[in-house]
Amino acid sequence: MVHRIDIKGSIISSDSQWVYDLMELEATSPRKVLATLDKAKGEPVEVYVNSPGGEVFSGSEIYTALKEYPGKVTVSIVGIAASAASVIAMAGDVVRMSPTSQMMIHNISSRASGDYRTMDHAAKMLANSNHTVANAYRIKTGIAQEILLAMMDEESWMNANKAVELGFADGILKRNAESAALDQPDVSVMYSKA
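Given below as structure tokens:
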């Protein structure tokens, strides 16, 4: 049996999940993901991502849980995988993207107030966090850390083809036979790095 995990809406802390549930807002917390992984008991999981991102440490916790999961993890990006959601997507044994989806990576951001010492400390913390997030991209793509950090500095957006080309994804989701029959002859059916 394959178990489905939806990474939808904002990536939030487990403590905040009840507020989003109460207001019927889509959001994903580590607690929600861990509950599904516990039920799956090593069976394959399919993770569907459509999220603008959110809290980096909650994203890290979800990424780590998926990476440590003993069963096969297939990630399908069906809308957007941005910011912390792009980090979560890197946990897949196989990462596929819809031909209409996007992935975005960028620097960690935060708010701080205080004197110059507080601001210096916040800047160092953010720079360090950029390095830790880039580790997930490096493990998946094999791209050098310095190049990834430069891509994050630029706020890099990737369509499915670019993400596959750079190694952030392994392939583009296949279309069913009915939709393929309606396409123009020059439209490719599947593109894969493998």
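The sequence shown begins at 112 in this note's numbering and counts up by one.
Ideal Cβ placement from N, Cα and C applies to all residues, glycine included.
Under 8 Å between the Cβ atoms of residue i and residue j?
i	j	result
residue 156	residue 205	no
residue 161	residue 189	yes
residue 195	residue 167	yes
residue 201	residue 261	no
residue 142	residue 125	yes
residue 140	residue 116	no
residue 241	residue 219	yes
residue 214	residue 274	yes
residue 210	residue 271	yes
residue 245	residue 269	no
residue 224	residue 191	no
residue 182	residue 151	yes
So if DSSP puts residue i in a beta bridge, which residue, or which two residues, is it bridged to?
i	result
residue 119	161
residue 207	187, 282
residue 250	DSSP, once it has assigned bridges, lists no residue as partnering residue 250.
residue 243	For residue 243, which the question treats as bridged, DSSP gives no partner whatsoever.
residue 128	Answer is none; residue 128 lacks a bridge partner.
residue 96	The structure shown does not extend to residue 96, since the chain is modelled only from 112 to 305, so the question has no answer here.
residue 139	122
residue 192	162, 214
Give the range of the beta strand (DSSP E) segment to which residue i is assigned.
i	result
residue 270	267-270
residue 216	213-216
Under the assumption that residue i contacts residue j (Cβ atoms under 8 Å), give the Cβ distance between them as a whole number of angstroms.
i	j	result
residue 130	residue 173	At roughly 18 Å, the Cβ-Cβ gap does not stay under 8 Å, so residue 130 and residue 173 are not in contact.
residue 221	residue 284	34 Å between Cβ atoms; not a contact.
residue 203	residue 184	5 Å
residue 163	residue 138	Not quite, the Cβ-Cβ distance comes to about 11 Å (not below 8 Å), so this is no contact.
residue 254	residue 278	7 Å
Terminal residues of the continuous alpha helix (DSSP H) containing residue i?
i	result
residue 172	167-179
residue 197	195-200
residue 261	256-264
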